[in-house]
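Residue 125 is where the sequence shown starts when you use this note's numbering, and the numbers rise one by one after that. First comes the structure, then the notes that go with it.
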Amino acid sequence: MPQPGRDGRYGETFFSPAAAGEGERIDFGALAYDDITMARLRALGAGPGWRCLDVGAGTGTVSRRLLEEAGVAGVLAVDRDVRFLAERALPGLDVLEADITGADFAPGRFQLVHARFVLMHLPEHERLITALAGLVAPGGVLVLSDAVDLTSDRTPDTPYTSAMRAMWRGLRSTIGTDVSWVPSYPQLLRGAGLEPVAAEIHVPPLRPGSPISRFWADTWERSRRAMVATGLVDDAGVDAAVRYLGSDACAALSAGMLTVWGWKPDQQALTDKG
């Protein structure tokens, strides 16, 4: 079973919420993905009357948009460090500082349980998905999004692909980040008793100065030590990749965001049909 790397977990050695500019880095990712996430959540029915759980809520952009745009009844936003959430209070937004990997994490049942870019950083993937599925109320939906690496042995070598390969390997060996299992989400949700299950993928365009380009450049800076330690790239290579992202010469695919959702069977509805 994969375990966190020798440097601890996400948010400790790398990507600490206490580090200057970390909230801004998270928000660059939100700018790249929030519209897609919200479109999917609303298409699944998130709206008035829904009670929602947002796991690993970060700066709370999805939580707040569920309240302000979808008009849900309430959102419980959970993170191991809630400093960004506490700074941006909103009526209907409850904040809980908690570790979802703990056996005692049981905040209730929700019509929507959502986690984005969370499970990829944690071990015990199947157990955690089963645990999150257990927090979905009958008739509700579990929605998980995580990164998928779109580089391969046949991807042309550029400063960008060299940096991305080094980043994924470096983060896996230090804090345990592992995106290799993410494409198995549909089967894992089905195995957790959810049905029907469906999935989609979104790849934001890499343009000079775009939120996703700024997100990756900042992420590389913060994980530079782990990247260089892989031997796949040196400091000059990381610098070259940052420059490449900001240039018109950039011709590459960002990592994609795979989103998978599955419904908790409504036993009462099944009984009525029977």
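Heads up, the beta-carbon is just placed ideally off N, CA and C, and yes, glycines get one too.
Residue i, DSSP secondary structure in three states
i, result
"residue 269", "strand"
"residue 234", "strand"
"residue 395", "Confidence is the limiting factor: at residue 395 the pLDDT is only 42, short of 50, which leaves the residue's position unreliable and the question unanswerable from this model."
"residue 239", "strand"
"residue 375", "coil"
"residue 362", "helix"
"residue 140", "coil"
"residue 229", "coil"
"residue 354", "coil"
"residue 304", "coil"
"residue 368", "helix"
"residue 253", "helix"
Beta-bridge pairing of residue i - partner residues as DSSP gives them
i, result
"residue 323", "384"
"residue 260", "234"
Beta strand (DSSP E) segment containing residue i, residue limits
i, result
"residue 201", "198-203"
Outcome for residue i when other beta-carbon atoms lying within 10 angstroms are tallied against a minimum of 16
i, result
"residue 328", "buried"
"residue 378", "buried"
"residue 125", "A caution first: residue 125 carries a pLDDT of 32, below 50, which makes its placement in the model too unreliable to give a value."
"residue 398", "For residue 398, the predicted structure reports a pLDDT of 39, less than 50, and the residue's modelled location is therefore unreliable. A value from the coordinates is still provided. Counting Cβ neighbours within 10 Å, residue 398 comes out exposed, since fewer than 16 surround it."
"residue 210", "exposed"
"residue 290", "buried"
"residue 371", "exposed"
"residue 133", "buried"
"residue 146", "buried"
"residue 140", "exposed"
"residue 82", "What the structure shows of the chain is the stretch from 125 to 398, and residue 82 is not part of that stretch, so it cannot be assessed."
"residue 300", "buried"
Enclosing alpha helix (DSSP H) for residue i [first to last residue]
i, result
"residue 248", "Note, residue 248: premise wrong, no alpha helix (DSSP H); not H, not E."
"residue 179", "Run containing residue 179: none in the alpha helix (DSSP H); it sits in the beta strand (DSSP E), 175-179."
"residue 218", "Residue 218 -> not in any alpha helix (DSSP H); beta strand (DSSP E) instead, spanning 217-221."
"residue 210", "207-211"
"residue 285", "283-298"
"residue 278", "Here residue 278 belongs to no alpha helix (DSSP H), and DSSP marks it neither H nor E."
"residue 390", "Careful: residue 390 lies outside any alpha helix (DSSP H) and carries neither H nor E."
"residue 146", "146-167"
"residue 343", "335-346"
"residue 315", "309-315"
"residue 185", "185-189"
Residue-level contact to chain B via CB, residue i, 8 Å cutoff
i, result
"residue 204", "Looking for chain B here will not work: only one protein chain is present."
Any non-hydrogen atom of the ligand NAD within 7 Å of residue i CB
i, result
"residue 138", "Questions concerning the ligand NAD fall outside what the structure shown contains, since it holds no ligand whatsoever."
**Request:** Spell out a yes or no on whether the segment 240-258 and the segment 325-339 are touching, meaning 3 or more CB-CB pairs, one atom from each, closer than 8 Å.
**Result:** no
**Asked** For the segment 230-240 against the segment 174-189, are there 3 or more C-beta pairs whose distance is under 8 Å?
**Response** yes
**Asked** At a cut of 8 Å, does the segment 215-223 reach the segment 151-166 through at least three beta carbon pairs?
**Response** no
**Prompt:** Is there contact between the segment 352-372 and the segment 309-319, where contact requires at least three CB pairs shorter than 8 Å?
**Reply:** no
**Item:** Any 3 or more C-beta pairs closer than 8 Å across the segment 241-251 and the segment 355-364
**Value:** Touching, no, given that fewer than three Cβ pairs across the two stretches are closer than 8 Å.
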